[in-house]
Amino acid sequence: MAGGATPGREVVLEAGRLLLRPWRVAEAVVQRELWTERDPRVPPHRRIGADGHPTVAELEDSIRANQPSSIGLLAIERKVAGDVIGYCGLIDGGRKPEGEPELVFELLRRFWRQGYATEASLAVLDWARSSGYERLWAAVWDWNTASRRVLAKVGFTETERKEVDPVYGTTLFLTRRL
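Structure follows, in C-alpha cells:
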C-alpha cells in the first residue's frame with residue numbers, strides 16, 4: 001500500500017490491482033448505478049426513491065461538497081482498465097465508540113466475486129493501522145452473506161451486538177483489532 005494520512009490531504013491507497021482515491025465529479029454516474037443496484041431489502045433512504053432521487057446532478061454536487069480527507073469513501077479504480085467499480089473506506093458514524101471508524105464497501109454487481117472487495121478492504125485496513133487506529137467496526141445485514149464473507153476474510157469477527165429491524169432484517173456488528 002502506498003499513501004498516507006496527513007490531516008487535510010487526500011488519501012490515495014494502492015493495492016495489487018486497485019487504486020483507492022477520492023471520487024471525481026464525472027464518476028457520479030457510478031455512484032448512481034450503485035444506488036440503482038441495491039438489494040430491495042436495503043432501507044428506502046439508501047435506494048433511488050420513487051421521485052428519482054438522488055439524481056446524477058445531486059451526486060455530483062455531493063462529490064464537489066465533500067472535500068478529500070483522511071476518512072471517507074474512496075473510489076475503487078481498477079489500475080489496468082482505469083474504471084471505477086465501487087467504493088471502500090472508513091466512515092465515522094454514531095453507532096460505535098468514538099474514534100473507532102467503520103469499514104464500508106460496495107461494488108457494482110458485475111464486479112462481485114472477483115476479490116476486489118477483499119483487496120480494497122485490506123488496503124484500507126493497512127492504512128488504518130499505519131494511521132494509528134486500534135480497532136475498526138463493520139455493520140452488515142444478517143442476510144448479506146457475501147459482505148459477511150469478505151469481512152471474515154479480512155479478520156472481522158461478530159460481536160454480541162445486533163440491531164433488529166422487523167422490515168429490513170438484523171444488523172450485525174463486527175469488529176477487528178489492528
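Under full-length UniProt numbering, the sequence shown has 97 at position 97, and the numbering climbs by one with no breaks. Virtual Cβ for every residue (Gly too), placed ideally from N, Cα, C.
Per DSSP, the unbroken alpha helix (DSSP H) holding ALA57 starts and ends at 56-65.
In the structure shown, TYR168 falls within a coil segment according to DSSP collapsed to helix, strand and coil.
A Cβ-Cβ contact shorter than 8 angstroms links GLU77 with LEU18. Sequence-distant partners of GLU134 (beyond 5 residues in either direction) whose C-beta falls short of 8 angstroms from its own C-beta, in its chain, are GLU100, ARG177 and LEU178. Out of ARG32, GLY155 and ALA128, the CA that lies nearest to the CA of GLY52 is found in ARG32. With distances taken between CA atoms, ARG110 lies nearest to GLY86 out of ASP126, GLY86, ARG21 and ASP92.
Buried is the label assigned to ALA138, since at least 16 other Cβ atoms lie within 10 Å of its Cβ. When secondary structure is reduced to three states using DSSP, LYS162 falls in the strand class. Excluding five sequence positions before and after PRO166, none of the CB atoms of its chain fall closer than 8 angstroms to its own CB.
Setting aside the 5 residues that flank it on each side, LEU151 is surrounded in the same chain by ALA138 and LEU174, each with a C-beta closer than 6 angstroms to its C-beta; the list follows chain order. The distance from the Cβ of GLU27 to that of VAL84 is about 5 angstroms, consistent with a contact at the 8 angstroms cut-off.
The beta carbon of ILE91 sits closer than 8 angstroms to those of ILE71, GLY72, LEU73, PRO101, GLU102 and VAL104, all from its chain and outside the five residues before and after it, given in chain order. Closest in alpha carbon position to GLY155, among VAL80, THR55 and SER147, is SER147.
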